[in-house]
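What follows is a short report on a single structure.
Chains as they are written, first to last, in my numbering: chain C, 272 to 416; chain F, 15 to 112.
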């Protein structure tokens, strides 16, 4: 009975969460996190699809992920960029994170991520107006999302 | 939120864990209903009151987000972290670098 009541209330709660405006969330860029193909995500997030391939970005990830609900990925770069990004081509929302680096921050971010299926991962560093990219492939042996 | 910050050779490595369901909004529960999206989507880190990094996160981050980053710093630096989820709940913590 309780569960029924909860289920019926859930849409209302969800609606309220969507409708409540907040100063705190103003910075979150919804456009960046749309469910679009990778090319469109590059365009939305980076403002360009012209990315320069480089071996100066390292993406450390397991070649085969047994648990696709928590794949450890680290993006680091010897290019001292001002922004760091991670994209997963086959996820519904390709952009995983965008990170603005300020004085002192090293271009290195590690995060556990969800993967819908086997996919290429793209690490992008922005330095001034230029975007550099490197990619690795991760095989997913069991699905989670 | 748990924070581990350790300095070695002028580089501080920071590890953080935020206990959170981090639902992407695309997962179905056992009755087949979509579990509403509820994930951490923004975070900022300051060192000694100065901005270090600002991160925006999408729905692809795992449950109980685990994150690592590095910066040029020293023992005793004060880290201030603030994260916000899609329901505007705030997660904040402070830590000193070891």
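By construction, the Cβ of each residue, glycine as well, lies at the ideal position given by its N, Cα and C atoms.
- Taking C-beta atoms as the reference points, residue 395(C) and residue 358(C) count as a pair closer than 8 angstroms.
- Here the C-alpha atom of residue 74(F) lies approximately 23 angstroms from the C-alpha atom of residue 18(F).
- A straight-line Cα-Cα distance of about 39 angstroms links residue 46(F) and residue 347(C).
- Residue pairing of residue 371(C) in beta bridges, as defined by DSSP: 354(C) and 68(F).
- Here the alpha carbons of residue 400(C) and residue 309(C) stand approximately 20 angstroms from one another.
- Cβ neighbours of residue 42(F) within its own chain (closer than 8 angstroms, five residues either side excluded): 48 and 49.
- Rounded to the nearest angstrom, the gap between the Cα atoms of residue 20(F) and residue 405(C) is 29 angstroms.
- Beta-bridge partners of residue 96(F) (DSSP): 58(F) and 106(F).
- Relative to residue 81(F), the option among 339(C), 336(C) and 343(C) whose CA is nearest is 343(C).
- Taking CB atoms only, residue 111(F) has no neighbour in chain C less than 8 angstroms away.
- By the rule that beta-carbons nearer than 8 angstroms mark a contact, residue 353(C) does not touch chain F.
- The beta-bridge partner set that DSSP reports for residue 15(F) is empty.
- In this structure residue 345(C) does not touch residue 391(C) by the C-beta definition: roughly 16 angstroms separates them, more than the 8 angstroms allowed.
- One alpha carbon belongs to residue 63(F), the other to residue 94(F), and they sit about 7 angstroms apart.
- For a Cβ distance threshold of 7 angstroms, residue set 56 of chain F lies close to residue 298(C), ordered along the chain.
- Under the three-state reduction of DSSP, residue 410(C) is assigned to strand.
- In the three-state scheme derived from DSSP, where H, G and I count as helix and E and B as strand, residue 37(F) is classed as strand.
- Distance from the CA of residue 108(F) to the CA of residue 383(C), rounded to the nearest whole angstrom, comes to 22 angstroms.
- Distance between residue 26(F) and residue 91(F), taken at the CA atoms: about 9 angstroms.
- Assignment of residue 26(F) by DSSP, reduced to helix, strand and coil, places it in the strand class.
- Annotation: the continuous beta strand (DSSP E) that includes residue 83(F) extends over 80-86.
- For residue 51(F), the closest of 65(F), 30(F), 66(F) and 76(F) by C-alpha to C-alpha distance is 76(F).
- Following the DSSP letters along the chain, one finds residue 395(C) in no alpha helix (DSSP H) but inside the beta strand (DSSP E) bounded by residues 390-398.
- For residue 317(C), the secondary structure class from DSSP, reduced to helix, strand or coil, is helix.
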